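Okay, so here's the structure we're looking at.
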Amino acid sequence: GAGENWDAVVRHACDAGYRGLENLALIPGTVGAAPVQNIGAYGAELAQVLHDLTAYDRHQGAFVTLSNAQCHFAYRDSIFKQQPARFIITRVRLLLSRTAPFRLGYGELARVLGDVEERELSSGQVAETITRLRQAKLPDPNELPNAGSFFKNPVVGPEHYARLKAAEPDLVAFADGTDFKLAAGWLIERCGWKGYRNERVGVHNRQALVLVNHGCGTGADILALATEIRQDVARRFAVTLEIEPRVWGPDS
Numbered sequence: 455g456a457g458e459n460w461d462a463v464v465r466h467a468c469d470a471g472y473r474g475l476e477n478l479a480l481i482p483g484t485v486g487a488a489p490v491q492n493i494g495a496y497g498a499e500l501a502q503v504l505h506d507l508t509a510y511d512r513h514q515g516a517f518v519t520l521s522n523a524q525c526h527f528a529y530r531d532s533i534f535k536q537q538p539a540r541f542i543i544t545r546v547r548l549l550l551s552r553t554a555p556f557r558l559g560y561g562e563l564a565r566v567l568g569d570v571e572e573r574e575l576s577s578g579q580v581a582e583t584i585t586r587l588r589q590a591k592l593p594d595p596n597e598l599p600n601a602g603s604f605f606k607n608p609v610v611g612p613e614h615y616a617r618l619k620a621a622e623p624d625l626v627a628f629a630d631g632t633d634f635k636l637a638a639g640w641l642i643e644r645c646g647w648k649g650y651r652n653e654r655v656g657v658h659n660r661q662a663l664v665l666v667n668h669g670c671g672t673g674a675d676i677l678a679l680a681t682e683i684r685q686d687v688a689r690r691f692a693v694t695l696e697i698e699p700r701v702w703g704p705d706s
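Mapped onto this note's numbering, the consecutive letters of the sequence shown carry residue numbers 455 to 706.
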């Protein structure tokens, strides 16, 4: 059901020997919220395993079943994000496997598990590894208020990537079809923002993608900081960072 805790579902699937959700361990929220953002982490995303879902369509006044294709999934996007007032997700069906290869080629995960033979791993072990990686660099929102990754990883064409790589040889990027997905956290850190803080808000000192509230900040404070960061990244790299969380309010 849509009200189930997402991480609990990941653990249940791993305990049962299924593969496909392990890279999405420890992502906060519910099952019903997962398709809205097309949640993803460490080289995997929900769209790769979602078969279909049931939702109440407020336009039709009826329950409908949407296939994976009908969800219009894209990077951190879906029909539910594009039409936020239309659907109320009530059930999600996942297509998992006991034999699908693990996705271990992404960043830190590759450094930790890249040399381990796949036959020596279980989905539970991969999930636990990702849990440790996330806990090591992401602040607990119950202790330090944050919305997780605040910016999407931008995608650039091959010519733009080549120019950036020539100027910044240690640029962190991943192939995305014929394009390249840049690590937004690296861009932000390169601009000197990692660990920045003022009296209200700041940038986390272990993960530059995460903006944090030090206790008395407002949404306007967070957005003002995000604007400064986006301007710096655009000036230095000619790259536009897109905010990942939804912004609600009269000025959004």
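Note that the Cβ used here is the ideal one computed from N, Cα and C, for glycine as well. Please read these numbers as outputs of a predicted model, since none were measured by experiment.
Inset, instruction - Provide the residue span of the beta strand (DSSP E) that contains HIS505, from first to last. - result: Walking along the sequence shown from the start, residue 505 turns up at place 51. 504–511 is the extent of the beta strand (DSSP E) around HIS505.
Inset, instruction - State the Cα-Cα distance for the pair ALA554 and TYR472, rounded to the nearest angstrom. - result: In the sequence shown, the residue the question calls residue 554 occupies position 100. In the sequence shown, the residue the question calls residue 472 occupies position 18. Distance between the alpha carbons of ALA554 and TYR472: 9 Å.
Legend entry - Straight-line Cα distance separating ASP461 from TYR529: Position 75 of the sequence shown, counting from 1, holds the residue named residue 529. Position 7 of the sequence shown, counting from 1, holds the residue named residue 461. Going from the Cα of TYR529 to the Cα of ASP461 covers about 20 Å.
Inset, instruction - Note down, in chain order, each residue of its chain lying with its Cβ closer than 8 Å to the Cβ of VAL609, except the 5 sequence neighbours on either side. - result: If you number the sequence shown from 1, residue 609 lands on position 155. Contacts found: TYR529, ASP630, ASP633, PHE634, LYS635, LEU636.
Inset, instruction - Kindly identify the DSSP beta-bridge partner or partners of ILE542. - result: Residue mapping note: residue 542 aligns to position 88 of the sequence shown, counting from 1. DSSP, once it has assigned bridges, lists TYR510 as partnering ILE542.
Inset, instruction - Report the three-state DSSP secondary structure of GLY578 (helix, strand or coil). - result: Stepping through the sequence shown from its first residue, residue 578 is reached at position 124. Note: GLY578 maps to helix in three-state DSSP.
Inset, instruction - Would you check if the distance between the CB atom of ASP675 and the CB atom of VAL655 is smaller than 7 Å? - result: The residue labelled residue 675 in the question sits at position 221 within the sequence shown. The residue labelled residue 655 in the question sits at position 201 within the sequence shown. Taking 7 Å as the Cβ cut-off, ASP675 and VAL655 qualify as a contacting pair.
Legend entry - Proximity below 7 Å, CB of GLU476 to CB of ALA581: For the purposes of this step, residue 476 is taken as residue 22 along the sequence shown, with counting starting at 1. For the purposes of this step, residue 581 is taken as residue 127 along the sequence shown, with counting starting at 1. Contact: yes.
Legend entry - CA-to-CA distance, PRO593 to ARG651, given in whole angstroms: Translated into the one-based positions of the sequence shown, residue 651 becomes position 197. Translated into the one-based positions of the sequence shown, residue 593 becomes position 139. When rounded, the distance between both Cα atoms is 15 Å.
Legend entry - Inter-stretch contact at 8 Å, needing at least 3 Cβ pairs: the segment 519–534 / the segment 561–579: no
Legend entry - Contact check, THR544 vs ALA456, beta carbons under 7 Å: Along the sequence shown, one-based indexing puts residue 544 at 90. Along the sequence shown, one-based indexing puts residue 456 at 2. Contact: yes.
Legend entry - Own chain partners of SER551 with C-beta closer than 8 Å, once the 5 adjacent residues on each side are dropped: Here residue 551 refers to the residue found at position 97 when the sequence shown is read from its first residue. For SER551, where only same-chain residues beyond five positions count, the Cβ hits under 8 Å are TYR472, ARG473, GLY474.
Legend entry - Same chain, Cβ closer than 7 Å to PHE605, five either side skipped, listed in chain order: For this step, residue 605 is matched to residue 151 along the sequence shown. Correct list, in chain order: ALA638, LEU663, LEU695, GLU696, ILE697, GLU698.
Inset, instruction - Taking all protein chains shown into account, decide if SER706 is buried (16 or more other Cβ within 10 angstroms of its Cβ) or exposed. - result: If you number the sequence shown from 1, residue 706 lands on position 252. Since pLDDT at SER706 reaches only 47, below the 50 mark, its modelled position is unreliable, and no value is offered.
Legend entry - Cβ pair VAL626, TRP640 closer than 7 Å: Working through the sequence shown from its first residue, we reach residue 626 at position 172. Working through the sequence shown from its first residue, we reach residue 640 at position 186. Cβ distance < 7 Å, so VAL626 and TRP640 count as in contact.
Inset, instruction - Can you give me the start and stop residues for the beta strand (DSSP E) that VAL570 sits inside? - result: What you label residue 570 is simply residue 116 of the sequence shown in a count that begins at 1. Note, VAL570: premise wrong, no beta strand (DSSP E); not H, not E.
Inset, instruction - In the DSSP assignment, find the unbroken alpha helix (DSSP H) run with PHE691 in it and report its ends. - result: Numbered from its first residue, the sequence shown carries residue 691 at position 237. Its alpha helix (DSSP H) spans residues 673–691.
Inset, instruction - Determine the extent of the alpha helix (DSSP H) in which PHE534 is found, giving its start and end residues. - result: To locate residue 534, count along the sequence shown from 1; it is residue 80. PHE534 -> alpha helix (DSSP H) spans 533–536.
Legend entry - Other residues of its chain near ARG588: CB distance less than 7 Å, five sequence neighbours each side excluded: Indexing the sequence shown from 1 puts residue 588 at position 134. LEU480, listed in sequence order.
Inset, instruction - May I have the straight-line CA-CA distance separating THR672 from PHE691, to the nearest angstrom? - result: Locating residue 672 in the sequence shown gives position 218, counting from the first residue. Locating residue 691 in the sequence shown gives position 237, counting from the first residue. In a straight line, the C-alpha of THR672 is about 29 Å away from that of PHE691.
Legend entry - According to DSSP, residues forming a beta bridge with GLU613: Translated into the one-based positions of the sequence shown, residue 613 becomes position 159. Partner(s): none; GLU613 has no beta bridge.
Inset, instruction - Give me the Cα-Cα distance between TYR510 and GLU643, rounded to the nearest whole angstrom. - result: On the sequence shown, residue 510 is found 56 positions in, with the first residue counted as 1. On the sequence shown, residue 643 is found 189 positions in, with the first residue counted as 1. TYR510 and GLU643: Cα-Cα distance of roughly 42 Å.
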